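Asker: To start, I am sharing the structure in question, which I have written as C-alpha cells.
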Amino acid sequence: MVSVAGPSSVLVVGASAAGLCTAEALRRKGYTGRLTVLGDEPHLPYDRPPLSKQVLSGAWTPDRARLRTEDALAGLDAEFLLADPAIGLDPATRTVRTASGRTLRGEVVVVATGARPRELPGQAGLAGVHVLRTLDDALALRAGMAGSSRLVVVGDGVLGAEVAATARTLGLDVTLTGPRPAPMAGTLGPLVANLLAEVHAEHGVRLRMGGRVAALAGQDGTVTGVRLEDGEVLPADIVVVAIGADPATGWLGGSGLPLDDGLVCDSRCRAAEGIYAVGDVARRHDERLGGLVRLENRTNAAEQARVVAANILGADLSYSPVPYFWTDQFAAKLQIHGTLPTHADADVTVVDGDLAGRRFVARYSHAGRVTGVLGWNMPKQTRLRRQELLETHTDRTSRSVLTPTAVPGGDDAPDLRSGHRAGRPPVLSHGPGGGLPVRPAS
Amino acid sequence: MKVNLDQDKCVASGQCVVAAMEVFDQRDEDGIAVLLNDSPPADQADDVRHAATVCPALAITVEE
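From first to last, the protein sequence lines stand for chains A and D. With full-length UniProt numbering, letter number 100 in the first sequence gets 100, and the count goes up by one each step, no holes. With full-length UniProt numbering, letter number 52 in the second sequence gets 52, and the count goes up by one each step, no holes.
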C-alpha cells in the first residue's frame, strides 16, 4: 500500500462500528500517521445488530459479536484506549478530555460516539427495567429474562419488535406496547406492519397497540408493570424500554460545535476544520435530498466511514447513500433499501411474490417516484429491485423521507416524554444535488 | 487476494453483491451469498475489501 499524505495524527472518539471502520479505511488508504481510538466501553469493538437477536437469545456467545479478531486489531497499528468516555472537546486545538483525566490531541478528530437510548421518567431508580444499546445491556437483559416470566416491551419500533420476538422465542410471556397501530408501522407503513402484527400475534406476543405509556409501576424499588394513559396496567416483572435513541453529543456541549439532533456537518461529513463526524451521531447535509440527514443503521456506519477517511486524506467527496437495514423477527426476514414513505398517499405495491405466501417484495413510491423497496423472505429479489431505486436515486429531483434504524437503542419509536418522534425527518426540498453515493478510489 | 465467504454466517443482505457483483452473487431461494471468484483480479480488490467491510454478518474475509 502506498503511503499517502495526511495529518500527523488522527483521534477517533468512539470504538464501535463507525469509529473502527474509519480507522481501518484510513490504514487501507495508506495513512501511516498516528492513530488513536478512544472508546467509552470496556469491550473491544463489537457489532450491535446481533445484540437484540443472537446475543439476547443466547444463540451466540458475546465474543461472536466481536467486529474483529485481536490479531486484526493489532494489525491496524492503532492505539485503543477503552473504558474512558470523552467528556469535552476544544475544537480550536482539537483536544479531547476524558473521564479518567487524559488529554488527547489529534490533528484530525473524528466524532463517532453513536447514540444513547432514551429512558422513561422514573426508570433509573427501578430494578427490572432495561434498555438495549450495549453488550452489557444485552447481557443484563438476558440475565434478567432468565429469572422472569412476564416481559413488557415499551416501544413499537424495530428494536422493540425484535426484543419481543426474541423473548417470546425464549418462552417468556410478552406484551408489546406502543402508540402506533402495529409493530414498526411508523417505518413500514400499514400494509406490511399489519402482516408483522399477525406474525407476532400468531407466536403469542400480546399486542397493546395505539396507547401511550403514562408511567412505570413499581413496588419496593422493583418494576411491577407499565401503566397506560387509559388506566390499564400491563403487569410485568421485567420491562424493556425501546423508545428511541438520542445522538451522544452531551460531551460536546460548550464546544461551540453545531449541535442539533446530532453533530451537524457539511456534505463532506466535516463539522469544523479538522473535525469530522461519522455514524449515528452525524447529521450531515445531504446534497441529493437538500437537507440535514442523520441515519442510525449499521451499513451507514461502514459506508460513511469510507468517505470520511478519504476526505481526511485530502479527497473531496460528498456522501449520499441509499440507506439499508434489515430485521429478523421469528421466521420473517425483512430487508429495506432506500426509504419507505408511510403516509396515507404513499403507494405500496407488491411486485414479487405475495403477502399471503409471506414471501414478497414491495415497492414504495411517492409522487410517482420509487423511494424504497422492502423484501420479506425474498432477499435476492429485493436486492435486484434496488436497481429501480437507483434509477430514482440518480434523479436530481427525487424526494424522500427517512427510515430509521435497525440498531439496538437506535429505534424509531416516539419520545414518550415529549411526544415528538425520534429521528425527526429532515427538512427536504428539491435540492440541486444528484448522483450515486460517491465511491472513493483507493 | 484470496476471498473467503462463510455461508453459515451470511444473513443474505446482498450488500456484497452491491459492492462487488463480479465476485459475489446470491442464491435465488434464500439470498445466501455465493462466491463467484475466490481470487479476484487486482482491479476488483478494492470493491471486495469494501464488500467485506459492509457485510453486516462479517461473513467475508480477505487475505491479501
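We treat Cβ as the ideally placed atom computed from N, Cα and C, and that holds for glycine. Given the structure is predicted, the values throughout are model-derived calculations rather than measurements.
Closer than 8 Å by beta-carbon distance: list the chain A residues that pair up with residue 38(D), in chain order.
Answerer: Within chain A, no residue comes near residue 38(D); the closest Cβ sits about 20 Å away, beyond 8 Å.
Asker: Measure the Cβ-Cβ separation of residue 335(A) and residue 382(A) and say whether it is below 8 Å.
Answerer: yes
Asker: Step through the CB atoms of chain D and report whether any lies within less than 8 Å of the CB of residue 47(A).
Answerer: yes
Asker: Please state whether DSSP places residue 57(A) in a helix, a strand or coil.
Answerer: helix
Asker: Kindly give me the distance between the Cβ atoms of residue 17(A) and residue 117(A), rounded to whole angstroms, as I take these residues to be in contact under 8 Å.
Answerer: Contact flag wrong, Cβ pair sits at about 17 Å.
Asker: Using a cut-off of 9 Å between C-beta atoms, extract the partners of residue 326(A) located in chain D.
Answerer: 11, 12, 13 and 56
Asker: Can you tell me which of the three DSSP states residue 10(D) falls into?
Answerer: Note: residue 10(D) maps to coil in three-state DSSP.
Asker: Report yes if the C-beta distance between residue 267(A) and residue 324(A) is below 8 Å; otherwise report no.
Answerer: no
Asker: Quick one: Cα of residue 331(A) to Cα of residue 93(A), how far?
Answerer: 52 Å
Asker: Just the C-alpha distance for residue 66(A) and residue 135(A), rounded to the nearest angstrom, thanks.
Answerer: 10 Å
Asker: In whole angstroms, what is the alpha-carbon distance linking residue 133(A) and residue 17(D)?
Answerer: Here the alpha carbons of residue 17(D) and residue 133(A) stand approximately 29 Å from one another.
Asker: Hey, does residue 8(D) have any beta-carbon neighbour from chain A nearer than 8 Å?
Answerer: By this cut-off, residue 8(D) is not an interface position.
Asker: Quick one: which chain A residues come within Cβ less than 7 Å of residue 28(D)?
Answerer: Listed by position along chain A, the residues whose Cβ is nearer than 7 Å to that of residue 28(D) are 380.
Asker: Using a beta-carbon distance cut-off of less than 9 Å, what residues from the segment 279-305 of chain A approach chain D?
Answerer: 298, 299, 302, 303 and 305
Asker: When DSSP labels each residue in this structure, what does residue 119(A) get in the three-state scheme?
Answerer: Coil at residue 119(A), not helix or strand.
Asker: Since residue 30(D) and residue 379(A) should fall inside the 8 Å C-beta cutoff, what is the C-beta to C-beta distance between them, to a whole number of angstroms?
Answerer: 7 Å
Asker: Can you name the residues of chain D whose CB is closer than 7 Å to the CB of residue 21(A)?
Answerer: Here the neighbours are 53.
Asker: In the DSSP assignment, find the unbroken alpha helix (DSSP H) run with residue 28(D) in it and report its ends.
Answerer: No alpha helix (DSSP H) holds residue 28(D); DSSP gives it neither H nor E.
Asker: Identify the contact partners of residue 18(D) in chain A, using a Cβ-Cβ distance below 8 Å as the criterion.
Answerer: 383 and 386
Asker: Strictly below 7 Å CB to CB, what residues from chain C border residue 28(A)?
Answerer: The chain labelled as chain C is not found among the protein chains of the depicted structure, namely A and D.
Asker: Closest Cβ-Cβ distance between residue 67(A) and chain D: below 8 Å?
Answerer: Answer yes: the Cβ-Cβ gap between residue 67(A) and chain D drops below 8 Å somewhere.
Asker: How many whole angstroms separate the CB atoms of residue 240(A) and residue 108(A), which I take to be in contact at a CB cut-off of 8 Å?
Answerer: No, residue 240(A) and residue 108(A) are not in contact; Cβ-Cβ is about 38 Å, not under 8 Å.
Asker: Can the beta-carbon of residue 286(A) be found closer than 8 Å to that of residue 296(A)?
Answerer: Residue 296(A) is positioned such that its CB atom lies no closer than 8 Å to that of residue 286(A).
Asker: Using the rule of at least 16 other Cβ atoms within 10 Å of the residue's Cβ for burial, across every protein chain shown, is residue 387(A) buried or exposed?
Answerer: exposed
Asker: State yes or no: is the beta carbon of residue 329(A) nearer than 8 Å to at least one beta carbon in chain D?
Answerer: no
Asker: For the pair the segment 136-145 of chain A and the segment 213-232 of chain A, tell me if three or more CB-CB distances fall below 8 Å.
Answerer: no
Asker: Answer yes if the segment 193-202 of chain A comes into contact with the segment 165-182 of chain A, meaning at least three C-beta pairs across the two stretches below 8 Å, and no otherwise.
Answerer: Enough Cβ pairs lie closer than 8 Å, so yes.
Asker: In chain order, which beta strand (DSSP E) runs of at least 3 residues are fully inside the segment 310-396 of chain A?
Answerer: 324-329, 332-338, 347-354, 359-366 and 369-376
Asker: Short of 8 Å in beta carbon distance, which residues of its chain neighbour residue 98(A), apart from the five on each side in sequence? Order them along the chain.
Answerer: 38, 81, 84, 85, 86, 87 and 104
Asker: From which residue to which residue does the beta strand (DSSP E) around residue 192(A) run?
Answerer: That residue, residue 192(A), is in no beta strand (DSSP E); its alpha helix (DSSP H) goes 190-202.
Asker: On the DSSP letters alone, give me the boundaries of the beta strand (DSSP E) that residue 209(A) sits inside.
Answerer: Secondary structure note for residue 209(A): its beta strand (DSSP E) is the uninterrupted segment 206-209.
Asker: Just reading off the beta strand (DSSP E) that residue 283(A) is part of, what are its end residues?
Answerer: 282-286
Asker: So the beta strand (DSSP E) residue 219(A) belongs to, where does it begin and stop?
Answerer: From DSSP, the beta strand (DSSP E) with residue 219(A) extends over 213-219.
Asker: For residue 222(A), count neighbouring Cβ atoms within 10 angstroms of its own Cβ and tell me buried if that reaches 16, exposed if not.
Answerer: exposed
Asker: Quick one: Cα of residue 353(A) to Cα of residue 57(A), how far?
Answerer: 30 Å
Asker: Between which two residues does the beta strand (DSSP E) holding residue 97(A) run?
Answerer: 95-98
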